Every structure is written in structure tokens, then in C-alpha cells.
Amino acid sequence: MTAAQKETRGFQTEAKQLLHLMIHSLYSNREIFLRELVSNASDAADKLRFAALKDDSLFEGDSELKIRVEFDKDAKTVTISDNGIGMSRDEVVEHLGTIAKSGTAAFLQNLTGDEKKDSHLIGQFGVGFYSAFIVADKVEVFTRRAGASAEEGVHWECDGEAEYSVETVAKADRGTSIVLHLKDDQTEFADGWRLRSIVKKYSDHISIPVVMEKEQPMPEEGDDSEPPAPEDEVINTATALWTRSRSEVTDEEYTEFYKHISHDFAEPLKWSHNRVEGKLDYTSLLYLPSKAPFDMYNRDGSRGVKLYVQRTFIMDDAEQFLPMYLRFVKGVVDSADLSLNVSREILQKDPNIDAMRSALTKRVLDMLEKMAKKEPEDYAKFWAEFGQVLKEGPAEDFSNKEKIAKLLRFATTQTDSDAQDQSLVDYVERMKEGQDKIYYVAAENFNTAKNSPHLEVFRKKGIEVLILSDRVDEWLMGNMMDFDSKQFQDVAKGALDLGDLDTEEEKKAQEESEKEMASLIERAKEALKDDVADVRITHRLTDSPACLAVGEHDMGAQMRRLMEQAGQALPESKPNLELNPDHPLVKKLDMEPDEDRFGELIKILFDQANLAEGGTLADPATYVQRLNKLLLELSN
844 MTAAQKETRG FQTEAKQLLH LMIHSLYSNR EIFLRELVSN ASDAADKLRF AALKDDSLFE
904 GDSELKIRVE FDKDAKTVTI SDNGIGMSRD EVVEHLGTIA KSGTAAFLQN LTGDEKKDSH
964 LIGQFGVGFY SAFIVADKVE VFTRRAGASA EEGVHWECDG EAEYSVETVA KADRGTSIVL
1024 HLKDDQTEFA DGWRLRSIVK KYSDHISIPV VMEKEQPMPE EGDDSEPPAP EDEVINTATA
1084 LWTRSRSEVT DEEYTEFYKH ISHDFAEPLK WSHNRVEGKL DYTSLLYLPS KAPFDMYNRD
1144 GSRGVKLYVQ RTFIMDDAEQ FLPMYLRFVK GVVDSADLSL NVSREILQKD PNIDAMRSAL
1204 TKRVLDMLEK MAKKEPEDYA KFWAEFGQVL KEGPAEDFSN KEKIAKLLRF ATTQTDSDAQ
1264 DQSLVDYVER MKEGQDKIYY VAAENFNTAK NSPHLEVFRK KGIEVLILSD RVDEWLMGNM
1324 MDFDSKQFQD VAKGALDLGD LDTEEEKKAQ EESEKEMASL IERAKEALKD DVADVRITHR
1384 LTDSPACLAV GEHDMGAQMR RLMEQAGQAL PESKPNLELN PDHPLVKKLD MEPDEDRFGE
1444 LIKILFDQAN LAEGGTLADP ATYVQRLNKL LLELSN
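Each residue of the sequence shown is one higher than the one before, counting from 844 in my numbering.
Shown next as C-alpha cells:
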């Protein structure tokens, strides 16, 4: 054996950290290791079946795919073998020595130290192989890639420390065998009944047969006859779960199948199992997870459902069947109409896919609508995890905009907390007589939005306003436009017009204030000519002296800040300064004879209005100097 054939390598830093978590019993349920390894073996068989569609020589004369589970009580080992696709030496190093995934650093940053919470993240990250170290103090992998020569087998070995060895060995059969050398306190798993019960519990739904040597009865005393030859038996149902009738599948089976396809350790929140026959013939099994994955906001990450054609696995993450805003949905689609050699490029051009995408999207939205109506507590859990992603929907899916809008939830001025638990349907039902718009205020965070001076007149009149503080909210509203024939109105945009909600007396008082303050307005415009588009009297304020409002068609302050943070170029625009004619400071300002002092004071009001909106000052030092100067004058 040459040095080139065997070498010792150190784990990638991230893999070392994950290995440490496994060894220190991150998984609270140790028997999960078998579920994970059987699931990986099933995936390997699926991949071989797909690759063999183009090159059936990869079967090497053996197309009967199966997974074998063996144990040796004396040696204290458990072995899981498959005759699937197998791995080359480079693939072994890539998959077992590193975590070849984007977002690894973000994943590790999300670990909290709480074993229960972290176990969910581990599952979502898809590192099931490492679960072997929950029960084993040494793991060996023997593997050969399908189509490679017998001399190109690979032996990988690790004792759970910082290093592993990899060497080239002879392996007659394709596929992978994983040998677990059990820890002294884990020998309970070197037992046929124990292993059978775990496979039945967690892996009964796998379509690949899982076989074990049939248990033979103990020979009676004095029986010298030859023991029967070893005989295999299939210990799982070995039928694709989604092909079975819904009445035949238990909730436990649906749950375990979800964990198999998603590598999530948490139970799903809901699922929908459906068979479509007619112009298109396909079966779908779609799941709503109960927890958001750590990389949910990475729109470039893997997403989509598993695609099967006539029960033959074709691809993971077939994103063509659901829109981006439903990227959290997991599941399986099995079509009888697609070609077995279908590719991602073909899926993008096939008109049947558009029809299936439309139907599957509607099924998910119907599932959510039903949950929102009949199980509001579960829907609240869903919204807390996935609400911000669902808010991307109206911009991406015009045909379902109204349906999505009914599923959205918001905080409002009628709620005491930042809980987003109010629907637009509920809001419309509570609208005041004469109100023809749905009002909202957007800011960087809940407290800034809730305390915005723009809400003062709405509180005075008892008009409910949506409070928007998620990063996606202003973009959402830019694509919503209306709901139930009611237009959305940003309370910080344009000149406020409450229509029939204002009395004739109020409208007359506003006109008189504008005339009385005409001189003040002209002086303020001159002093702030470089900073504002306009200065005007407003009736939207009751307690604050001033506020800033953007133009009716200008970008909102929240969106401008987000674009600035992203380094995007911004269109030229200036805010409007609105003054409260009834506020003592504004009245005093109107009587200020010194133009220089007037200019200093109006700029202080302008900067304060900016701060009240959660904005940042262009020149905070000058603002502090002006304020200090004013304080000194008042103290003398």
C-alpha cells in the first residue's frame, strides 16, 4: 500500500464543530442514528436509479436495490449497507470530511447551546451521517462508486476525534457499508429485535426494501441437526408512502416521512396528500414545517420538492413546482406524464409544469386558509415562523394576490403588543363609517412606528392604523395597492386627506390656519430651501410640533434606508416639513422677529421631526450645537 493510497486528514473546522456536537449527545433520542443512515442509503439508491436511466451499465448486473442492516453482538457492531450509487475517493473526502454547504457559518452562529433547539437546526442542515457518533466511538465506511473498478473502493475511518483516515481498497460490490463500533454503553443496539423495531418505527415508509437476516429459533437441547441456511427478510413495508391511500396512512407515518425527506427533527405543522387524475396525472404530498430553517431568507439556497416520475426518483429541490415565496414547503410530487429523462431545463419549458405549479400553489394556499379559519393557534405559529416570507407573495404571484392578502397578519394601533395577529378582513370589518382607505405606518421597528407623530390624528379620531415594521413591509405595500376595493394609504405620504372622516368644521378650521400661518410658511421655506421640498400646515398632528412627510409617489423613508444599507442608488427626493399650527412652539416661532434665530429654531424642529421618524441626521454635531445654544438661552 502506497502513501498515495492511504492518508490521514484533519476535519474542516465546521465539520469538527458538528462532530463535537454529535459526540456530546446533541440528539436527545439516540436511536435516530439508524433513521438517518437508512435515509441516506435510500437516497443513494434513488440516485443510482436515476443515473441508470441514462446508463444502465451502472447496475453492474444487479438492479435489485436494497438496504441491509446487520449486527454482531460479540464485536459490538452495527452495519448499514446499500447497493446504491456509492462514492469515489474524492466524494468521500468532500462529503465526510467537510460540510460542503453555503451558509455553514450562519448555521453555526445560530446554535444556542440549548440541545433541544439545536437538534432542530442540525436536522435542517442535513448532516445525518454524523449522527453515527451518537452511539459509536469509531465509524468505518467502505464504499465504491457505481461504474468504477473493484480496485477503486475506499475505506474511511474516524474515531470521533480531529482526524480521519482514507485509503484505497478493493471492493467487489458497488455501494456503501457503514460499520458502527458501538460505545460500551450503547450495545443495546447490537440486537435484532431492537434494530427491527427502530426501522419499523422510523423507516417503514421508505420505498427501498430494508432487509435483515431472519432470526432463527434457538435449537432445542440435544438437537444436533444442521442449522438452516441464513435467510433474508424485508422488515419495512417498502412501498412509497405517497402512492398509498390517505385512509391507509397514519399520522405517525406521515410525520416520519416528513422527517425523512426534510431531515428535520421537528414534527410538521400540517400536510396535504392529494391525487390528481384527468388531463394531468400526478400525486402530491406537501408539508408545512413547524420551524423555519436557519437559511430561509437566502433566496439562492436550495428549495423545492422531491420529484418522482412513475415512482422513480428524478431530483431533489425541484423548485419549478412552487413559487419562491412558498420556498419553505417540503414534499414530494410524483408525475405519470413527465419523461423519465426530464431535466431542470425541460421543466422550465414544459407547459404541464405551469399547470401543476398553479394547482400546487393553490393547494398550499388553501391549506393555509383552512388552518387560519379552523386552527388559528396553529396559524399563529406558522405566521411567527414564515410570515415575512409569505409577505413576498403579492409581488411574485399576481393571480393569487387577493388570496395571499387574506392570509397576511399585522400589528395595529388597536393592539397593545407587536404581535402580528390582525387580518385585513378583520381590519375592514372594523373600519369607521365613511372610511374608504386602509391606513398604515411603516418604520424600522415597532416602537418607532407605534409612536410616530403621523398617528396622532388617527388616535384622536379612533381610526385604526396598520403598524408595519418588517423589512419587507413597505415593498409589500408597494405591490398590494388595494384590498376588498379599499386602497392602502401610507399615513406619512402626501398631504393627509381623511375625506368624510373630517367634519365641515374641521375642514374650515384647517383652511383658516393655513391663511393665518402663511407668513410663517414662507419664512420656513426660505430657511429650509436646501433641505425640504415644501413646508405646509398640517392637521395630522395633535401633540407634536412638526413631522416629515414624503411625496405621494416618492419612496418611503423605510425603503430608502434599506436601499442605502444595500448600497443601492437612490432617486433624488426631499421630504415635506409639516407644522402643527396649534402647538405652542410653532406659535412662538411665528412670533420670532429675528430671522437668524428663526432659522436656527426651524432647523431644530426639522431635525427633531427627522429623528422622530427613525431617521439619521446629516449633520448631528451642528444639531447638538443648535440645541445647546437654545438651552443656554433658556437658562439665562
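Beta carbons: idealized from backbone N, C-alpha and C, even for Gly.
Note that the structure is predicted; figures quoted are calculated from it, not measured.
**Message:** Measuring alpha carbon to alpha carbon, tell me which residue in Lys1293, Ile1051, Pro1219 is nearest Leu908.
**Reply:** In the sequence shown, the residue the question calls residue 908 occupies position 65. Minimum Cα distance to Leu908 is reached at Ile1051.
**Asked** Quick one: any contact between the region 1024-1042 and the region 894-903, if contact means 3 or more CB pairs under 8 Å?
**Response** Here the region 1024-1042 makes no contact with the region 894-903; the two share fewer than three CB pairs at distances below 8 Å.
**Message:** If you measure between the beta carbons of Val912 and Val1042, is that distance less than 8 Å?
**Reply:** Taking the first residue of the sequence shown as position 1, residue 912 is located at position 69. Taking the first residue of the sequence shown as position 1, residue 1042 is located at position 199. It is a contact, given that the beta carbons lie within the stated cut-off.
**Asked** Any idea what DSSP makes of Leu1140, helix, strand or coil?
**Response** Within the sequence shown, the letter at position 297 stands for residue 1140. The residue you asked about is not Leu; residue 1140 is Tyr in the sequence shown. Collapsing the DSSP output to three states places Tyr1140 in coil.
**Prompt:** Under a Cβ-count criterion, where at least 16 other Cβ atoms within 10 Å of its own Cβ denotes burial, should Thr1346 be classed as buried or exposed?
**Reply:** Translated into positions along the sequence shown, residue 1346 becomes position 503. By the neighbour-count rule (16 or more Cβ atoms within 10 Å), Thr1346 is not buried but exposed.
**Asked** Taking the alpha helix (DSSP H) that Asp1316 falls in, what are its first and last residues?
**Response** Residue mapping note: residue 1316 aligns to position 473 of the sequence shown, counting from 1. Asp1316 -> alpha helix (DSSP H) spans 1316-1323.
**Prompt:** So, is Leu1203 buried or exposed, given that buried needs 16 or more other C-beta atoms within 10 angstroms?
**Reply:** The residue labelled residue 1203 in the question sits at position 360 within the sequence shown. Burial is judged here by how many other beta carbons sit within 10 angstroms of a residue's own beta carbon; Leu1203 has at least 16 and is buried.
**Residue burial classification, Phe914 (beta-carbon count within 10 angstroms, cutoff 16)** = Translated into positions along the sequence shown, residue 914 becomes position 71. Counting Cβ neighbours within 10 Å, Phe914 comes out buried, since at least 16 surround it.
**Pro1418 and Ala1376 closer than 8 Å at C-beta** = What you label residue 1418 is simply residue 575 of the sequence shown in a count that begins at 1. What you label residue 1376 is simply residue 533 of the sequence shown in a count that begins at 1. Yes; because the gap between Cβ atoms is below 8 Å, this pair is in contact.
**Request:** Specify, as a first and last residue, the run of the alpha helix (DSSP H) that Asn1471 falls within.
**Result:** Walking along the sequence shown from the start, residue 1471 turns up at place 628. Residue range 1463-1478 is occupied by the alpha helix (DSSP H) that includes Asn1471.
**Message:** So, under 8 Å CB-CB, Ala979 and Leu1023 are touching, yes? Tell me the CB distance rounded to an integer number of Å.
**Reply:** Numbered from 1 along the sequence shown, position 136 holds the residue referred to as residue 979. Numbered from 1 along the sequence shown, position 180 holds the residue referred to as residue 1023. Their Cβ separation, rounded to whole angstroms, is 4 Å, which keeps Ala979 and Leu1023 in contact under 8 Å.
**Request:** Give the straight-line distance between the Cα atoms of Glu1349 and Asp1160, rounded to the nearest whole angstrom.
**Result:** Along the sequence shown, one-based indexing puts residue 1349 at 506. Along the sequence shown, one-based indexing puts residue 1160 at 317. Going from the Cα of Glu1349 to the Cα of Asp1160 covers about 59 Å.
**Item:** C-alpha gap between Asp1327 and Pro1219, whole angstroms
**Value:** For the purposes of this step, residue 1327 is identified with residue 484 of the sequence shown, where counting begins at 1. For the purposes of this step, residue 1219 is identified with residue 376 of the sequence shown, where counting begins at 1. Take the alpha-carbon of Asp1327 and the one of Pro1219: they are about 22 Å apart.
**Prompt:** Any Cβ of chain B within less than 8 Å of the Cβ of Asp933?
**Reply:** Any reference to chain B falls outside this structure, which holds one protein chain only.
**Request:** Taking only the alpha-carbon atoms, compute the straight-line gap between Pro1424 and Met1360 and give it to the nearest angstrom.
**Result:** Position 581 of the sequence shown, counting from 1, holds the residue named residue 1424. Position 517 of the sequence shown, counting from 1, holds the residue named residue 1360. Cα-Cα distance, rounded: 7 Å.
**Asked** Taking just the CA atoms, how far does Lys981 sit from Asp1550?
**Response** Nothing in the structure corresponds to residue 1550, since the chain is present only between 844 and 1479.
**Prompt:** Can you name, in chain order, every residue of its own chain whose Cβ lies under 6 Å from the Cβ of Gly1174, other than the five neighbours on each side?
**Reply:** Walking along the sequence shown from the start, residue 1174 turns up at place 331. Cβ-Cβ distances below 6 Å link Gly1174 to Leu1128, Leu1129, Tyr1130, Val1148 in the same chain, with the five nearest sequence neighbours on each side left out; the list follows chain order.
**Request:** Could you check what DSSP says for Thr851 in three-state terms: helix, strand or coil?
**Result:** Your numbering for residue 851 matches position 8 in the sequence shown. Strand.
**Request:** Using only alpha-carbon positions, find the residue among Gln1231, Ala1081, Asp1193, Gln1153 that is nearest to Tyr1140.
**Result:** Stepping through the sequence shown from its first residue, residue 1140 is reached at position 297. When the alpha-carbon of Tyr1140 is set against those of Gln1231, Ala1081, Asp1193, Gln1153, the nearest one is in Gln1231.
**Request:** Run the CB neighbour count on Gly966, radius 10 Å, all protein chains shown included, and call it buried at 16 or more, exposed below.
**Result:** On the sequence shown, position 123 is the one that residue 966 refers to. Low confidence applies to Gly966: its pLDDT is 49, below 50, so where it sits in the model is not reliable, and the reading given next is rough at best. Buried, since its Cβ has 16 or more Cβ neighbours within 10 Å.
**Message:** I believe Thr1019 touches Ser924 by the beta-carbon criterion, under 8 Å. Please report the beta-carbon distance rounded to the nearest angstrom.
**Reply:** Counted from its first residue, the sequence shown places residue 1019 at position 176. Counted from its first residue, the sequence shown places residue 924 at position 81. Rounded, the Cβ-Cβ distance is 7 Å, consistent with contact.
**Message:** Taking the straight line between their C-alpha atoms, what separation do you get for Asp1180 and Ile1157?
**Reply:** On the sequence shown, position 337 is the one that residue 1180 refers to. On the sequence shown, position 314 is the one that residue 1157 refers to. Their Cα atoms are separated by approximately 13 Å.
**Request:** Give the DSSP bridge partners of Thr1126, in chain order.
**Result:** As a first step, residue 1126 is located in the sequence shown; it is residue number 283 there, counting from the start. Note: Thr1126 sits in a beta bridge opposite Arg1118, Asp1177.
**Item:** Through-space distance from Gly971 to His1103, alpha-carbon basis
**Value:** On the sequence shown, residue 1103 is found 260 positions in, with the first residue counted as 1. On the sequence shown, residue 971 is found 128 positions in, with the first residue counted as 1. Going by the C-alpha atoms only, they are around 10 Å apart.
**Span separating the alpha-carbon of Ser1295 from that of Leu1363** = Residue 1295 sits at position 452 when you count from the first residue of the sequence shown. Residue 1363 sits at position 520 when you count from the first residue of the sequence shown. One Cα belongs to Ser1295, the other to Leu1363, and the distance between them is close to 24 Å.
**Item:** Closest by C-alpha distance to Glu1069, when choosing among Gln1059, Asp1075, Glu1076, Tyr1125
**Value:** Against the sequence shown, residue 1069 aligns to sequence position 226. Among Gln1059, Asp1075, Glu1076, Tyr1125, the Cα nearest to that of Glu1069 belongs to Gln1059.
**Item:** Check whether Arg1142 and Phe1164 have beta carbons under 8 Å apart
**Value:** Taking the sequence shown and counting its residues from 1, the one referred to as residue 1142 is at position 299. Taking the sequence shown and counting its residues from 1, the one referred to as residue 1164 is at position 321. No; because the gap between Cβ atoms is not below 8 Å, this pair is not in contact.
**Message:** Which same chain residues end up closer than 8 Å to Arg852 when comparing Cβ atoms and leaving out the 5 residues on each side of it in sequence?
**Reply:** Taking the first residue of the sequence shown as 1, we reach residue 852 at position 9. Beyond the five residues adjoining it in sequence on each side, Arg852 comes within less than 8 Å, by CB distance, of Val936, Gly940, Glu1006, Tyr1007, Ser1008, Val1009 in the same chain, given in chain order.
**Asked** Where do the ends of the beta strand (DSSP E) carrying Ala1392 lie?
**Response** Residue numbering aside, residue 1392 sits at position 549 when the sequence shown is read from its first letter. Here the beta strand (DSSP E) through Ala1392 covers 1389-1392.
**Prompt:** So which of Glu1000, Lys1216, Lys1329, Val1119 has the shortest CA-CA distance to Phe854?
**Reply:** Position 11 of the sequence shown, counted from the first residue, corresponds to residue 854. Measuring from the Cα of Phe854, the nearest candidate turns out to be Glu1000.
**Request:** Go ahead and label Gln1288 buried or exposed: buried means 16 or more other beta carbons lie within 10 angstroms of its beta carbon, across all protein chains shown.
**Result:** Taking the sequence shown and counting its residues from 1, one reaches residue 1288 at position 445. The question names Gln, but residue 1288 is Asn in the sequence shown. Exposed, because fewer than 16 other Cβ atoms sit within 10 Å of the Cβ of Asn1288.
**Request:** Compute the Euclidean distance between the alpha carbons of Lys944 and Ala989, then round it to the nearest angstrom.
**Result:** Here residue 944 is taken as the residue at index 101 of the sequence shown, counted from 1. Here residue 989 is taken as the residue at index 146 of the sequence shown, counted from 1. For Lys944, the predicted model reports a pLDDT of 47, less than 50, meaning its position is unreliable; a value from the coordinates is still stated below. If you take the alpha carbons of Lys944 and Ala989, they lie about 24 Å apart.
**Item:** Nearest-angstrom beta carbon gap, Ala1292 and Gly1337 [assumed within contact, 8 Å]
**Value:** On the sequence shown, residue 1337 is found 494 positions in, with the first residue counted as 1. On the sequence shown, residue 1292 is found 449 positions in, with the first residue counted as 1. That belief does not hold up - the Cβ atoms of Gly1337 and Ala1292 are roughly 18 Å apart, past 8 Å.
**Request:** Taking Gly996 as part of the beta strand (DSSP E), name the residues at either end of that continuous run.
**Result:** Residue 996 sits at position 153 when you count from the first residue of the sequence shown. Counting along the chain, Gly996 sits inside the beta strand (DSSP E) bounded by residues 996-1001.
**Asked** Hey, how far is the Cα of Ser1478 from the Cα of Asn1471?
**Response** For the purposes of this step, residue 1478 is taken as residue 635 along the sequence shown, with counting starting at 1. For the purposes of this step, residue 1471 is taken as residue 628 along the sequence shown, with counting starting at 1. Their Cα atoms are separated by approximately 11 Å.
**Asked** Ends of the alpha helix (DSSP H) at Ala884?
**Response** Here residue 884 refers to the residue found at position 41 of the sequence shown. It spans 875-894 - the alpha helix (DSSP H) in which Ala884 sits, taken as one unbroken run.
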